[in-house]
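For what it's worth, our numbering labels the leading residue of the sequence shown as 232, then goes sequentially. Using N, Cα and C, we set each Cβ at its ideal position, and we do this for glycine too. Remember, it's a predicted structure, so these values are computed and weren't measured experimentally.
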Amino acid sequence: MGKWIGCLMVAAVAAGAVADDWYTWRGPTADGISKETGLKPTSAKKIWTKELGVGYSAVGVKDGRLYTMGHADGVDTVYCLEAATGATIWNYSYDCETGKYKGPRATPVINDGKVYTVSRTGLLICFDEGSGKKRWETDVLAETNNKDSRWGWGISTSAVIEGDLILLNIGAAGTAVDKHTGKIKWTSSGLQSYASPVVFNHRGKRLAAIFSAPGLLLVDAQTGAEAGRYEWKTKYDINGADPVIIGDRIYISSAYKSGCAMLDFSSGKLEPLWESDLMNNQFSTSIHIDGYIYGVDGHVKNKGFLRCVDAKDGAEQWSKPIGFGSLIAADGQLIVLDEKGTLIFAKIDPEKYIEVATFETGLAKLCWTPPVLANGIVYCRNDKGTLVAIDVSQ
Numbered sequence: 232m233g234k235w236i237g238c239l240m241v242a243a244v245a246a247g248a249v250a251d252d253w254y255t256w257r258g259p260t261a262d263g264i265s266k267e268t269g270l271k272p273t274s275a276k277k278i279w280t281k282e283l284g285v286g287y288s289a290v291g292v293k294d295g296r297l298y299t300m301g302h303a304d305g306v307d308t309v310y311c312l313e314a315a316t317g318a319t320i321w322n323y324s325y326d327c328e329t330g331k332y333k334g335p336r337a338t339p340v341i342n343d344g345k346v347y348t349v350s351r352t353g354l355l356i357c358f359d360e361g362s363g364k365k366r367w368e369t370d371v372l373a374e375t376n377n378k379d380s381r382w383g384w385g386i387s388t389s390a391v392i393e394g395d396l397i398l399l400n401i402g403a404a405g406t407a408v409d410k411h412t413g414k415i416k417w418t419s420s421g422l423q424s425y426a427s428p429v430v431f432n433h434r435g436k437r438l439a440a441i442f443s444a445p446g447l448l449l450v451d452a453q454t455g456a457e458a459g460r461y462e463w464k465t466k467y468d469i470n471g472a473d474p475v476i477i478g479d480r481i482y483i484s485s486a487y488k489s490g491c492a493m494l495d496f497s498s499g500k501l502e503p504l505w506e507s508d509l510m511n512n513q514f515s516t517s518i519h520i521d522g523y524i525y526g527v528d529g530h531v532k533n534k535g536f537l538r539c540v541d542a543k544d545g546a547e548q549w550s551k552p553i554g555f556g557s558l559i560a561a562d563g564q565l566i567v568l569d570e571k572g573t574l575i576f577a578k579i580d581p582e583k584y585i586e587v588a589t590f591e592t593g594l595a596k597l598c599w600t601p602p603v604l605a606n607g608i609v610y611c612r613n614d615k616g617t618l619v620a621i622d623v624s625q
């Protein structure tokens with residue numbers, strides 16, 4: 232059924248356009264950029280709405296199925312829905328504390344016929360993609376003797392698949408779990424933060440960039456051995472936006488006037504190239520395209536800006552006041568969801584801000600979860616758990 236729906240969705244995309252699934256955190260290439268083309272945002276229309284329960288989980292989409300999470304009455308629920316209609320295929324619920332900023336914030340990841348989810352308490356669960364049968368679960372905080380943040384805001388890392396491992400931002404230098412069994416393969420002690428790991432190649436090795444409470448730590452993805460570190464302390468230990476890998480350079484940014492920095496790792500040691508106060512990414516990760524960085528400067532409930540800076544030196548190219556929000560990119564356009572629920576499409580242009588279209592999703596405050604584009608549909612949700620699907624393919 233799911234694969235048939237997936238074929239139908241692809242067929243519905245305009246002739247000559249390219250459609251694509253979005254089955255990992257920040258998309259198939261983990262950089263927030265989709266390969267889809269042929270988008271028609273001026274003709275956007277809402278095609279379905281689903282109530283999930285509170286939370287901040289985005290969606291993963293593969294073969295016509297959509298996976299996400301929500302929370303209600305002390306229970307988390309993992310959903311598998313028809314991506315085209317929002318109809319439920321299967322769901323699985325389990326007891327979970329909710330805490331402040333209620334509900335799950337990690338996004339389900341689909342890999343090799345399995346779905347991996349992470350709760351705010353650090354419960355990692357593996358499901359069969361087709362049936363929803365639980366294969367295994369691991370309480371990662373308990374198994375690694377790590378703790379929640381001192382503020383009690385919960386675990387936010389999504390699962391990042393690297394070969395046979397699942398990498399998580401748990402412990403100051405991360406944790407790796409066997410994706411087949413749920414067994415801990417390596418771990419670290421100390422306080423994590425809220426970003427997800429980002430894996431990249433360096434001198435023939437696969438390294439993971441872990442943006443945790445002490446700052447940026449680079450580790451060997453297979454062993455956890457430290458390969459580099461850069462101290463970056465922030466208010467409340469919030470390093471929530473993922474590092475952005477640009478060749479041998481790594482861009483990091485945090486809110487609360489922490490600013491941003493471009494670090495050079497070509498020598499095997501992290502060295503600052505520049506720092507700036509122009510971009511303060513709280514938990515909306517910026518996007519790098521053709522030598523420029525596009526992101527949301529600011530933090531929640533404060534005035535914020537959609538901003539473009541030069542990756543070479545951090546110089547501002549342009550800015551547009553939008554309040555707080557998050558973004559992805561596809562088909563030469565930025566796709567931005569502001570916290571009030573307005574979906575904004577703007578051309579990717581380092582010279583000036585060029586708005587293509589806006590669409591009112593009806594979600595209203597608070598929309599802190601990044602939008603997702605899959606097969607011509609943009610999926611947006613708010614913290615109350617309303618998920619909407621918006622067709623931009625016709």
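- Per DSSP, A373 is one residue of the alpha helix (DSSP H) stretching across 371 to 375.
- In the structure shown, the three-state DSSP call for K466 is helix.
- Under DSSP, Q564 takes part in a beta bridge, and its partners are A561, K578.
- Under the three-state reduction of DSSP output, S274 falls in the helix class.
- A direct Cα-Cα distance of roughly 10 angstroms separates T308 from S350.
- In the three-state reduction of the DSSP assignment, F431 falls in the strand class.
- Put simply, of W382, I386, N377 the residue whose alpha carbon is nearest the alpha carbon of I415 is N377.
- Counting C-beta pairs closer than 8 angstroms gives fewer than three between the stretch 585 to 594 and the stretch 289 to 307, which falls short of the contact rule.
- Rounded to whole angstroms, I392 and G344 show a C-alpha spacing of 13 angstroms.
- When C-beta atoms of the stretch 274 to 290 are compared with those of the stretch 361 to 368, fewer than three pairs fall below 8 angstroms, so the two segments do not count as touching.
- Contact between D521 and M510 is absent: CB atoms are separated by about 17 angstroms, not below the 8 angstroms threshold.
- Around the Cβ of Q625, a 10 Å sphere holds fewer than 16 other Cβ atoms; the residue is exposed.
- About 5 angstroms separates the CB atoms of D569 and I553; that is less than 8 angstroms, so the two are in contact.
- Annotation for A486: no beta strand (DSSP E) segment contains it, and DSSP assigns it neither H nor E.
- If you draw a straight line from the Cα of I320 to the Cα of W549, it comes to about 44 angstroms.
- CA-CA distance, P259 to R381, rounds to 33 angstroms.
- Put simply, the backbone Cα of S265 is about 14 angstroms away from that of K578.
- Residue environment analysis places R538 among the buried positions, since at least 16 neighbouring C-beta atoms fall within 10 angstroms of its C-beta.
- By the C-beta criterion, the stretch 482 to 490 is judged not to be in contact with the stretch 392 to 408, since fewer than 3 inter-stretch pairs fall below 8 angstroms.
- A456 places its beta carbon 7 angstroms or farther from that of L398.
- Here D395 carries a coil assignment [DSSP, helix/strand/coil].
- Counting the other CB atoms within 10 Å of its CB gives E360 a total of 16 or more, which places it among the buried residues.
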